[in-house]
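Quick notes on the structure that follows.
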Amino acid sequence: MLKPYFDKSLLEAGCDEAGRGCLAGPVFAAAVVLPKNFSKVSNFGKVNDSKKLSDEVRRELRPIIEKTALAFAIGIVSVEEIDKINILNASFLAMHRAIAKLNVEPELLLIDGNRFKKYFVGKVPIAIGITSPSPPSKGETARSIPHECIIQGDGKFLSIACASILAKTYRDDYMNELHEQFPKYKWNQNKAYATRAHRTAIEKYGATEHHRRSFTLLPSQLKIDFSKK
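Just so you know, we're using my numbering here: the sequence shown kicks off at 7 and counts up by one.
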């Protein structure tokens with residue numbers, strides 16, 4: 007059973023991302039603040055790491071999470087930004103953007119993974135082209151929110167698991183919409199992960215503007231025609 011909190015005395019936000027390993031599309035992140043009694047909510051026992059759940063169960067849980075959470079938010083980092091700042095920094099930035107959009111300020115951030123960039127309140131860039139979340143300048147003071155990095159946290163803590171479900175389903179929705187414009191790549195099925203079918207489509211049709219140029223799309227990366235659609 008997943009743990010309901012890391013520190014019962016603090017208001018915690020679980021954070022996770024989706025799409026980090028994909029060849030195309032933005033990276034999404036979610037931040038979720040749960041009430042302490044979330045374990046009493048109907049169907050909470052189904053909550054788990056989103057990768058371990060079927061799409062049907064994720065879709066069932068999303069409105070329950072959104073209705074019950076004290077706060078939740080989604081952060082998105084575009085393909086252009088991913089190529090500019092790299093996918094690791096983009097994952098951090100997506101989580102920062104989600105945290106910044108919460109309508110309550112958490113006292114502790116629970117981060118899925120083993121690394122994170124410190125979150126400074128009010129210092130999250132929102133414009134394309136800005137490289138990364140920036141700490142305060144010399145002589146300037148800014149508050150940071152403490153964080154705990156938890157390896158495989160989406161399988162250990164409820165708030166992180168809920169964040170993983172929201173990030174995954176919102177990104178899946180986005181890729182399903184892109185699929186309507188680019189059906190040859192089957193993004194409604196592979197969600198832009200590096201499946202054999204996806205790589206075969208890239209080799210046959212070239213890359214779209216939604217593919218990440220900073221990723222190795224194919225072993226013959228230099229031979230890819232990035233102008234094809």
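No residue lacks a Cβ here, since even glycine has one placed at the ideal position from N, Cα and C. Values in this document were obtained by computation on a predicted structure and should not be read as measured data.
- Here the C-alpha atom of K42 lies approximately 11 Å from the C-alpha atom of T74.
- Annotation: the stretch 150-201 contains the following complete segments of the beta strand (DSSP E) (minimum length 3 residues), in chain order: 153-156.
- Using a 10 angstroms sphere on the CB of M181, the tally of other CB atoms reaches 16 or more, which defines it as buried.
- Membership of E215 in any beta strand (DSSP E) is not indicated, and neither H nor E is assigned to it by DSSP.
- Assignment of beta-bridge partners to G20 by DSSP yields V38, L116.
- Here the alpha carbons of F188 and N120 stand approximately 35 Å from one another.
- Here the stretch 213-221 lies against the stretch 23-34, with 3 or more beta-carbon pairs under 8 Å apart.
- Contact between the stretch 155-169 and the stretch 188-202 is not established, with fewer than three Cβ pairs separated by less than 8 Å.
- Annotation: the continuous alpha helix (DSSP H) that includes V63 extends over 61-74.
- For F98, the enclosing alpha helix (DSSP H) has its first and last residue at 93-107.
- Of the other Cβ atoms in all chains shown, fewer than 16 fall within 10 Å of the Cβ of T206; this residue is therefore exposed.
- Membership of V130 in any beta strand (DSSP E) is not indicated, and neither H nor E is assigned to it by DSSP.
- Per DSSP, reduced to three states, the secondary structure at F12 is coil, with no helix or strand assignment.
- Taking every protein chain shown into account, the CB of L16 has fewer than 16 other CB atoms within 10 angstroms, so this residue is exposed.
- Following the DSSP letters along the chain, one finds A79 inside the beta strand (DSSP E) bounded by residues 77-83.
- Short of 6 Å from the beta carbon of K124, and not among the five residues preceding or following it, lie these beta carbons of its own chain, in chain order: S150.
- Secondary structure of A203 (DSSP, three-state): helix.
- Around A79, the same chain offers A37, A104, K107, L108 as residues with beta carbons nearer than 6 Å, after the five sequence neighbours per side are excluded.
- Residue burial annotation: K57 is exposed, with fewer than 16 other C-beta atoms found within 10 angstroms of its C-beta.
- With contacts defined as CB atoms closer than 8 Å, L67 and V39 fail to qualify as a contacting pair.
- Contact annotation: I71 and C168 have beta-carbon atoms nearer than 8 Å.
- Under a 10 Å Cβ-count criterion, K174 is classified as buried, with 16 or more other Cβ atoms of the shown protein chains found around its own Cβ.
- The distance from the Cβ of F163 to that of L116 is about 6 Å, consistent with a contact at the 8 Å cut-off.
- Straight-line spacing of the CA atoms in V33 and K129 works out to 20 Å.
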